[in-house]
Amino acid sequence: MRVSACGLTDPGRVRSHNEDFFEIDPERALYVVADGMGGHSHGEVASKMAVQAIQDFVRRAESGDDTWPFNYDSHLERHSNILKAAVRLAHDQVLSAIRDDGSLHGMGTTVVGCLVRNGTAALAHVGDSRAYRLRGGQLELLTEDHTWVNEQVVAGFLSKEQARDHPLKNVVTRALGGETEVAVDVREIAMEPGDTLLLCSDGLTTMLDDQEIEECLRKSAEELDCACKALVEEANARGGHDNVTVVLLRADD
Ligand code: CA
């Protein structure tokens with residue numbers, strides 16, 4: 002399966018610097034978005050470090066490095082195991098950087114990654130960066146936010162509408178660099194020709210709801226670079242309160 006991809010990041014209209022980071026690695030069909038947090042630009046350090054650690058591990062694992070750092074999950078495909086291990090190693094790397102340099106204390110990052118092999122997209126995420134699929138003009142959210150408000154929605158204590166404007170909506174319950182152990186959500190998505198996947202930071206999803214993202218993609222999804230620009234411009238037109246990052250990938254055949 003041939004996959005084409007495009008990505009764009011923008012500081013938005015309010016923030017002076019950009020703590021998001023993304024990577025498109027066409028050779029490995031690896032796509033990652035990370036949204037860093039922490040004072041004094043340390044969010045930038047965390048997001049870049051995590052993305053590079055993921056890319057490094059995927060590269061090593063695919064080149065036949067036999068050392069496997071974690072239990073292998075036989076229910077998942079090999080490339081899903083690789084991506085999951087890569088995210089866990091990225092977490093270890095952020096933690097170890099914090100241990101080595103006390104001034105980095107408090108830094109962390111969300112991450113959403115996608116690795117495509119043989120028509121199956123492995124998706125791994127931690128935090129509130131999301132993955133969506135557009136198929137036949139319909140947008141579907143593929144990830145579950147690791148946030149306090151989403152946990153309240155799932156438990157039935159808040160409606161989706163209440164969650165959108167809740168003062169604690171930015172509180173993530175999982176991040177790389179947070180607790181000692183990190184739980185990584187992994188799922189596998191069969192890709193059909195024409196499917197478009199969107200990976201994004203919350204700078205997009207706090208400005209646009211799912212229906213607005215769907216409309217934006219329907220209008221512009223033919224050209225991935227135009228669609229990336231349209232999403233970022235739309236987030237900024239609505240205030241651009243946060244850094245915004247989008248990565249789009251499409252199964253071409
Ligand atoms: Ca953000």
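Residue numbers (the working numbering): 2 to 254. Here a beta-carbon is modelled for each residue, glycine too, at the ideal position from N, C-alpha and C. Quick caveat: nothing in here was measured; it's all calculated off a predicted structure.
Endpoints, the alpha helix (DSSP H) within which residue i is located
| i | result |
| --- | --- |
| residue 92 | 79-101 |
| residue 218 | 211-221 |
| residue 150 | 149-155 |
CB of residue i within 8 Å of CB of residue j, strictly
| i | j | result |
| --- | --- | --- |
| residue 91 | residue 125 | no |
| residue 174 | residue 148 | yes |
| residue 236 | residue 195 | no |
| residue 192 | residue 239 | no |
| residue 29 | residue 52 | no |
| residue 4 | residue 228 | no |
| residue 47 | residue 110 | yes |
| residue 6 | residue 140 | no |
| residue 176 | residue 113 | no |
| residue 63 | residue 189 | no |
| residue 39 | residue 103 | no |
| residue 232 | residue 198 | no |
| residue 15 | residue 242 | yes |
| residue 219 | residue 137 | no |
For residue i, three-class secondary structure by DSSP
| i | result |
| --- | --- |
| residue 57 | helix |
| residue 208 | coil |
| residue 141 | strand |
| residue 232 | helix |
| residue 159 | coil |
| residue 189 | strand |
| residue 251 | strand |
| residue 131 | strand |
| residue 169 | coil |
| residue 245 | strand |
| residue 43 | helix |
Residues of its chain near residue i, where Cβ-Cβ distance is below 7 Å and the 5 sequence neighbours each way are ignored
| i | result |
| --- | --- |
| residue 89 | 71, 183, 185 |
| residue 150 | 159, 164, 167, 169, 170 |
| residue 172 | 148, 149 |
| residue 202 | 21, 34, 36, 130, 244, 245, 246 |
| residue 142 | 131, 133, 211 |
| residue 99 | 105, 106, 108, 178 |
Cβ shell of residue i (< 6 Å), same chain only, five flanking positions each side left out
| i | result |
| --- | --- |
| residue 8 | 23, 25, 248 |
| residue 116 | 31, 80, 84, 123 |
| residue 221 | 227, 228, 231 |
Residue span of the beta strand (DSSP E) that contains residue i, given as start and end
| i | result |
| --- | --- |
| residue 181 | Per DSSP, residue 181 belongs to no beta strand (DSSP E) and is neither H nor E. |
| residue 38 | 31-38 |
| residue 112 | 109-118 |
| residue 5 | 4-11 |
| residue 26 | 21-26 |
| residue 197 | 197-201 |
Residues near residue i in its chain [Cβ-Cβ closer than 8 Å; skip 5 each side]
| i | result |
| --- | --- |
| residue 86 | 58, 62, 69, 70, 71 |
| residue 290 | In the structure displayed, the chain extends from 2 to 254; residue 290 sits before or after that span and is not available. |
Query raised in the report: If you measure from each residue's Cβ to the nearest non-hydrogen atom of ligand 1, which ones come out under 6 Å, in chain order?
Result: One residue after another in chain order, those with a Cβ under 6 Å from a heavy atom of ligand 1 are 36, 202, 203, 204, 243, 244.
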